[in-house]
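Data first, discussion second: the structure below is written as structure tokens.
Numbering (the numbering used here), first residue to last: 35 to 130.
Structure (structure tokens):
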């Protein structure tokens, strides 16, 4: 789980995770897959697509959080790099 900033402001990843539906306002996990550490890069990509449309004002934070989620499950830098074209496709389809 990601820690919130100490001044009670949400960090960029926290904001993105909230928009993705992974955590709630207080930082607690609201998605069982996220809470159990089972969120895969493919699943994060699907959540990203919906979040980018629903929360257009936080697109940068959503992208950052999605990359962070993908990095959690990547076995290597090469695995993470292989996920980046998915993010680019979603961005091309949803960025205003």
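Glycine included, every Cβ here is placed at the ideal spot set by N, Cα and C.
Just to confirm the assignment: which complete beta strand (DSSP E) runs, minimum length 3, are found wholly within the region 40–65?
none
Give every residue of the same chain whose Cβ lies closer than 7 Å to the Cβ of residue 102, excluding the five residues on either side of it in the sequence, and list them in chain order.
47
Neighbourhood of residue 129 by C-beta, 8 Å cutoff - its chain only, sequence neighbours within 5 removed:
86 and 93
Between 64, 53, 107 and 97, which lies nearest to residue 120 when the distance is taken from Cα to Cα?
Here the closest residue by C-alpha is 97.
Assuming residue 55 contacts residue 65 under a Cβ cut-off of 8 Å, what Cβ separation, rounded to an integer in Å, is found between them?
6 Å
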